[in-house]
Amino acid sequence: MSAHLPVLQVLVPLLAAPVCALLRSARAAAALAVLASWTTLAVALALLGEVKSAGVVSYAIGGWVPPIGIEYRVDMVNAWVLVIVGTIASVVSPYMVVSVSSEVERRRIPLFYAAYLLCLTGLLGIAVTGDVFNVFVFLEISSLSAYALIAMGTRRRALTAAFRYLVMGSVGATFIVIGIGLLYVMTGSLNMADLAVLLPEVWDSRTVKVAYGFLGVGFCLKLALFPLHLWLPNAYAYAPSAVTAFMASTATKVAVYMLLRFFLTIFGAPFSFGTMALDRLLLPLALVAIVSMSMVAVLQVDVKRLLAYSSVAQIGYVVLGLSLASVTGLTATLLHLFNHALMKGALFMAMGCVVYRIGSVHIDAMAGLGRRMPWTMAAFVVGGLSLVGVPLTVGFVSKWYLILGAIERGWWPVAVVVLLASLLALVYVWRVVETAYMRPYEGDGRAVEAPPGLLLPTWVLAAASIYFGVFAKSTVATAEQAARVLMSGVGS
Amino acid sequence: MTSGALLGFTLLAPLAGAAAIALLRARPNARETASLVASGTLFVIVLQVYLAVSGGNRPELALAEPIPGISITLEAEPLGVLFALVASFLWIVTTMYSIGYMRGHRESNQTRFYLFFAFAIASAMGVAFAGNLFTLFVFYELLSLTTFPLVTHAGTAKARRAGRVYLGILLTTSIGLLLLAIAWTYAITGTLDFREGGILEGRAAGAVVPVLLGLYVFGIGKAAVMPLHRWLPAAMVAPTPVSALLHAVAVVKAGVFAVLKVTVYVFGIDFLAEAGASAWLTWVAAATIILGSLVALTKDNLKARLAYSTVSQLSYVVLGAMLASSLGVGGGGMHIVTHAFGKITLFFCAGAIYVVAHKTEVSQMRGLGRTMPVTMTAFLIGALSVVGVPPLAGSISKWYLLGATLDAGQIGLAAVLVVSTLLNVAYLLPIPILAFFSKAEGETADRGPQGGTAISEAPVWCLIALSIAALGCIALFFWADRVYQLLQPIAAAAGG
């Protein structure tokens, strides 16, 4: 059984999805979705354990030996990403059960779970596979189901948001498939490990560089790097709350993983940082993303949009770590993937609790909620402090490594920008906190504490974002190990 | 009980107090008893730590290691013990005072008030016993966050605005400058531990040292070095017990204490003196001393005047640290103690006046000495101590600091201290003079047959508290050598 872990990672949610669609009962579909999500986490943790003890785990689909057949290949890096996705899925899925029942039409609920499970399948598939075309297939699975999930939002603007995401997402996917095609033309291989061996011979060819460019643009669209982020704020703001929490914590993270895997494992760090000057290209984009998107977040009145812009800014931090081109920087990147998933998940879920009770997340509607919904808002405060990067929260840990990485490279202004942007985060978080705690409640009494079905998952993530801030040893060690794997390329 | 565990209890005592306060929220008398018991217990614990440290021990307690190589560790050393002793003792006094003040003033949300007060004290203890820069930073930030609900206690628009200034400046400086300085230090030295003689010697040289020191001094915004002092006057919107304990003692002293600690244990006095890296900062401190006093002169609002006086007095300590000599650091350490007692007395009196007579402006205080003799006598004692008149505590630390400037051959800085003393006289002494020697407004020559006004003093809890604080100003003058002996190891380590 344990030999089949890599394929089980994908098969469980993939098989559960059509069953969900066939089920008439919303409750049965929900139970199945939760069960499938928890199984994926168990599988992901088992895989991480195996990778830690045995190194790289390789699995040949259908017994076809790579590079002929499709290989699933798990090392420290994707084991880490699988754990992130699995964790978020297993926390968000029970939350979905309550949240979705109030936000999605009853007859559509089984279909909703089917789409959710397909999306999960796609994200896990991207992370687990060792075959570049397979990446594209899973990318399409996750994207198409994501469009459907977003379109199920209560407000009609969810439809335009989903359509916009569909257009931009398809452009991104097309760029990626063109890049993959060019690589295949040059090497005749689709296997990642194989490509990593073959590519250095043709590094100098213009085709490879063009492929690099196409892939880069495609990934940056999917991970919403400024200025290719335009699809994200509306998609996050109008999707059902549970979908936002799930997507914000997983989809962009997996896109970052794709970028790291292609550019560092397949092309290799020397090519990316040497020939293509990826670090110098990404650095200004990351910095602009961090500063400008934090400023835009300050101006938002819809708190979900505010958090969405904050997400774009946080992606800037993730990319900044990559552009430092060092083990410390990459450690920060990988840490922040996990840490940001925890805190942003908690924040969006807290907002889902607010939507559940008062149907709005306009900042004025939140006046006085600090007393009406104390647990919900306390979770928001915890997530918010983590976003600012207050010590003893996860946000501090990733920022610490980011600053160290910048100082290591002698990029002083970068360290200063990171710190100053934390203050912008403080401003936008504080606006919400001040409204909720220091203004009197003006509503009609609907605002009472959210039901435990919503609160519990929210607090799991909020508590985790403190726990892994106080005891960060294990996450730092794993992230650092994964960063070394990435920097040293394939085969180690 | 091991002495390391004692340090853990300095955090636990106020936290347990906070839990009791929250549980007893429905019964005010029990709740206030819980506050008093917690503060008394804490003081006894800190006294034990003092005994251990003065016996030559350095108790240590590791709590957690969030990031590999960077731990949260408590360690007691002389400066920290001194700060903790002052803060915990004055917590007892302030709790008594708060009972009188908050009830006399019929404040709302009193449970929240006592609760966050206890949290703030726990954070202050963490600052006092921080064993490394990271721990110091963590508790320093916690102190900013836990005092925020106290500053904005009134909940008015004005309080909200002040709260924004307060948190804005404190967090901007700490995240933008202090954290940068800490990360830089870590990048240079690979450690964040406080060590005798510092950790930077031999690892940093040239222009890096003064820049890094500047980042620390300005990054520790709680030291209120100009131009980063605005948060302190803003914080005066808080209820007076908060202004008294936190913004004359715990919060501001945490700032200057951190400056001293960084000077002694990160840079090392000898290293700083050799590098001459702190020379430019002595003049920043000197400017703050003079400017703070000048602004205080222009303020008619009593609490605002006291706040600017605090800004000025805090820079005495910063100046002492930046002189980078054992005399300067010793004098700075003493000034933390003596100024704490003097200024808390003044704030207690200001609050008492507000509760009884509802007067906030200096110009309204004519004749108050007759209706509130105890309060105004205490005010006079506090004022004289801050000015530095013997036999009051303030004179001793000023004497040491003056000696330190002369020792360093800095006549200009010595002159600054002298001028500042004159300015202290000019902005503090008119208040008791007005109160005792001029007639109240509307008061005419032909008073009633008794020829006197009825005594109308502050609530008895307030009177007890401000009397203890005023007596402390006198007592410390005679106990100054004990304080100095406690600080002796630091002085001996430098240039010894």
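Just so you know, the protein sequences line up as chains E and B, in that order. Under the working numbering, think of the first position of the first sequence as 660, with each following residue one higher. Under the working numbering, think of the first position of the second sequence as 21, with each following residue one higher. Where a beta carbon is used, it is the ideal one built from N, C-alpha and C, also for glycine.
- Rounded to whole angstroms, the Cβ separation of residue 1056(E) and residue 1135(E) is 7 angstroms, and the two are in contact under 8 angstroms.
- Of all residues in the stretch 167-190 of chain B, only 169, 172, 175, 179, 180, 183, 184, 187, 188 come within less than 9 angstroms of chain E when Cβ atoms are compared, listed by chain position.
- At least one CB atom of chain E sits nearer than 9 angstroms to the CB of residue 161(B).
- Between the stretch 501-512 of chain B and the stretch 152-160 of chain B, the count of C-beta pairs closer than 8 angstroms stays below three; the two stretches do not touch.
- For residue 1073(E), no chain B residue has a C-beta closer than 9 angstroms to its own C-beta; the minimum C-beta separation is roughly 11 angstroms.
- With respect to the C-alpha of residue 243(B), the residue from 113(B), 189(B), 139(B) having the closest C-alpha is 189(B).
- For residue 1002(E) against residue 970(E), the beta-carbon gap comes to about 11 angstroms, at or over 8 angstroms, which does not count as contact.
- Under DSSP, residue 788(E) shares a beta bridge with 731(E).
- With a minimum length of 3 residues, there is no unbroken run of beta strand (DSSP E) contained wholly in the stretch 345-380 of chain B.
- At the C-beta level, residue 336(B) and residue 415(B) stay beyond 9 angstroms of one another.
- Of all residues in the stretch 38-61 of chain B, none places a beta-carbon less than 7 angstroms from a beta-carbon of chain E.
- Between residue 277(B) and residue 103(B), the CB-CB gap stays under 9 angstroms.
- Listed by position along chain B, the residues whose Cβ is nearer than 7 angstroms to that of residue 1131(E) are 86, 87.
- Residue-level contact check: residue 763(E) does not touch chain B, since none of the beta carbons of chain B fall below 9 angstroms from its beta carbon.
- DSSP, read as helix, strand or coil, puts residue 863(E) in coil.
- With respect to the C-alpha of residue 375(B), the residue from 181(B), 199(B), 478(B), 205(B) having the closest C-alpha is 478(B).
- Along the stretch 1036-1054 of chain E, going in chain order, the ones with a CB nearer than 9 angstroms to a CB of chain B are 1044, 1047, 1048, 1049, 1050, 1051.
- The beta carbon of residue 319(B) sits closer than 7 angstroms to the beta carbons of 325, 328 from its chain, once the five residues preceding and following it are set aside; these are given in chain order.
- Taking residue 407(B) as the centre and dropping the five residues before and after it, the same chain places the C-beta of 414, 441, 444, 445, 448, 449 closer than 8 angstroms to its C-beta, in chain order.
- The criterion of a C-beta distance shorter than 9 angstroms is satisfied by residue 166(B) and residue 136(B).
- Contact check for residue 284(B) and residue 349(B): beta-carbon distance about 6 angstroms, within the 8 angstroms limit, so the pair qualifies.
- Using a Cβ-Cβ distance cut-off of 8 angstroms, the stretch 678-695 of chain E and the stretch 799-812 of chain E are not in contact, since fewer than three pairs of beta carbons, one from each stretch, lie closer than that value.
- Taking residue 905(E) as the centre and dropping the five residues before and after it, the same chain places the C-beta of 751 closer than 6 angstroms to its C-beta, in chain order.
- The alpha-carbon of residue 1144(E) is positioned some 28 angstroms away from that of residue 697(E).
- Under the criterion of beta carbons closer than 8 angstroms, residue 209(B) and residue 198(B) do not qualify as touching, at roughly 16 angstroms.
- Residue pairing by DSSP places residue 84(B) opposite 92(B) in a beta bridge.
- Counting only residues of its own chain and dropping the five nearest sequence neighbours on each side, residue 893(E) has a CB closer than 6 angstroms to the CB of 820.
- In the structure shown, residue 1133(E) falls within a helical segment according to DSSP collapsed to helix, strand and coil.
- In this structure the stretch 972-989 of chain E does not touch the stretch 1005-1015 of chain E; the number of beta carbon pairs closer than 8 angstroms is below three.
- Beta-bridge pairing by DSSP links residue 1021(E) to 961(E).
- For residue 717(E), the uninterrupted beta strand (DSSP E) segment begins and ends at 716-719.
- By the neighbour-count definition (other C-beta atoms within 10 Å, threshold 16), residue 661(E) is an exposed residue.
- Only those residues of the stretch 191-204 of chain B whose C-beta falls short of 9 angstroms from the nearest C-beta of chain E are listed: 191, 192, 195, 196, 197, 199, 200, 203, 204.
- Taking the CA atoms as reference points, residue 109(B) sits about 33 angstroms from residue 292(B).
- CA-CA distance, residue 982(E) to residue 942(E), rounds to 5 angstroms.
- Per DSSP, reduced to three states, the secondary structure at residue 883(E) is coil, with no helix or strand assignment.
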